[in-house]
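Each remark here refers to the structure printed beneath this line.
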Amino acid sequence: MDRQIGDMLNSETIIEEDLQNVRDFENVIMKTKTYAGHEREIIDILAEDLESSENLEEYVSRKPEDFDPKELLDHNFHAYKYTRGQLIDWIMIIFDQLELTSEVYQDKLRDFLVNICNAYRRVPYHHFTHAFSLTNAAYWILKNIGGPSNEDGMYKFFSKDDILGIILGCIGHDVNHPGMNNAYLIKTKDNLFELCSKYTDDDCMTTDSDDSMSSHVLEGLGTDNKNSVLENMHLKIMMRYMDILPKDKAESVSQAIAEGILCTDMSKHGALVEKLKTIGDKFRENDSYTPTQEERTFLAAMIVHACDLSGLILDYDHSFKWGMRIAQEFHDQYSAEEKLDHEKYGPPMSFLKYSGVKAFKKSQAGFCENIILPMWQVLFDILQFDKVVIDSIQENQKLLLEGSA
Ligand SMILES: [Zn+2]
């Protein structure tokens, strides 16, 4: 395929026929403006990576009938090499492999996926390929619970409705993400109505309206989702498409989706991991411990949150590609904050600024040590999936530290 990087400019809303030609990993080179309306300053190392783009011929020409479901069981699956349309084909395979296709209205499934995919913006990081990566990581965990040869280990913990909620939660968890975080959206409130009104009827600021959903998991931790501007928006958009669920499933699966999406707010991470550790202790004391229903609901939501932080379970090169994209998105926000009135809005958040590759590696190594490894290690203690991902996090931490010296 003869396609130049930067071809698909100025196209925030992608029509269905284009999905086969859109690869999210190329979009950051686009000279389109950021959400705040500024020209994007592209991080040098990312621009080089895009310009030396790999030969993707063999991926572009692959047809869904040639996709082997076993490929998804590689925790290092190269999602970024596929187009949005191909990733939808892969999700159809995930539904099939988890025997979820018959749990939804089958004739509506592909249209649902296309609609959700189209509602993902082409920002540097929080795009549809990121959503796919979560979905695939969750699939990988589910298929490996109790060990790689234990195909049905997932049913020890989860019902079919839980599993469907996990997968749908992953697919929709960042839909319409503008590439700016909650703090930015809250302080520049003017943007919110425009951001949310495209898909919902209100400004998503709080969950005070009657039709909003709450999270039992967060309530159990003594917190709520009132300031989770983005997560409330993602959830509300997802709920518009729940006509794929048969009536008898709608309530329980919708609640499972809400738990997963609302628990992806990073401000809840500390409380979530503390709770996870208390469940982990029970499994360490008694490896045949049977979790309560409340604990199962929590673990299902925790899988979505952990998979949202799964970039560092990948092999180093693969993980670094994702890391550069989040760095770009943070830097976009930093640039936008620099241009705000600092007296009115306060100074820009300095951690968002990209300050060269060594500083990036240092902060990623710290993120590995303090956030990623403690959470994934406890999740592994409980669910006993393949340890390869824990080894991978440790290896990444080591290489990042070496690279930051
Ligand atoms: Zn995410």
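Quick note on the UniProt record's numbering: the sequence shown kicks off at 1 and runs consecutively. Note that CB positions come from ideal geometry on N, CA and C, so glycine has one too.
Length of the line joining the Cα atoms of HIS78 and SER252: 33 angstroms
Using a 10 Å radius around the Cβ and a threshold of 16 neighbouring Cβ atoms, would you call PRO347 buried or exposed? exposed
Of all the alpha helix (DSSP H) runs that stay within the bounds of the stretch 18 to 73, which reach a length of 4 or more residues? Here the runs fully enclosed are 44 to 51 and 57 to 60.
Suppose you measure from the CA of SER350 to the CA of LYS187; what does that come to, to the nearest Å? Going from the Cα of SER350 to the Cα of LYS187 covers about 16 angstroms.
Can you find a CB in chain D that lies within less than 7 angstroms of the CB of ILE116? You won't find chain D in this structure, because it holds only one protein chain.
Where ASP265 and SER214 are concerned, what is the direct C-alpha to C-alpha distance, given to the nearest angstrom? Those two C-alpha atoms are separated by around 13 angstroms.
Just to confirm before moving on: does the CB-CB distance between residue 406 and VAL175 stay below 7 angstroms? Residue 406 lies beyond the range of the chain shown here (1 to 405); nothing can be said about it.
Out of curiosity, what's the CA-to-CA distance linking ILE244 and THR101? 10 angstroms
Looking at the unbroken alpha helix (DSSP H) that takes in GLU343, where does it start and where does it end? 342 to 345
Under the assumption that GLN97 contacts PRO69 (Cβ atoms under 8 angstroms), give the Cβ distance between them as a whole number of angstroms. 5 angstroms
Beta-carbon proximity list for ASN144, same chain, < 6 angstroms, skipping 5 on both sides: PHE385 and ASP386
In the DSSP assignment, find the unbroken alpha helix (DSSP H) run with VAL388 in it and report its ends. 388 to 404
Between which two residues does the alpha helix (DSSP H) carrying PHE351 extend? Element bounds for PHE351: n/a, residue is neither H nor E.
My parser needs the alpha helix (DSSP H) runs of 4 or more residues fully inside the stretch 233 to 293; what are they? 247 to 262 and 269 to 285
For ALA131 versus ILE171, is the C-beta distance shorter than 7 angstroms? yes
Check whether the Cβ of ASP308 sits closer than 6 angstroms to any heavy atom of ligand 1, and report yes or no. yes
Helix, strand or coil: how does DSSP classify ASN176 here? coil
Note down the Cα distance separating LEU73 from TRP140, rounded to an integer number of angstroms. 6 angstroms
Would PHE320 be called buried (16 or more neighbouring beta carbons within 10 Å of its own) or exposed? buried
Taking Cβ positions, are ALA336 and HIS38 nearer each other than 7 angstroms? yes
If we count the other Cβ atoms within 10 Å of its Cβ and call it buried at 16 or more, is ASN136 buried or exposed? buried
Measuring from the CB of ASP49, is there a heavy atom of ligand 1 at a distance below 6 angstroms? no
Note the first and the last residue of the continuous alpha helix (DSSP H) segment covering residue 406. This structure does not reach residue 406, given that the chain is present from 1 up to 405, and the question cannot be answered.
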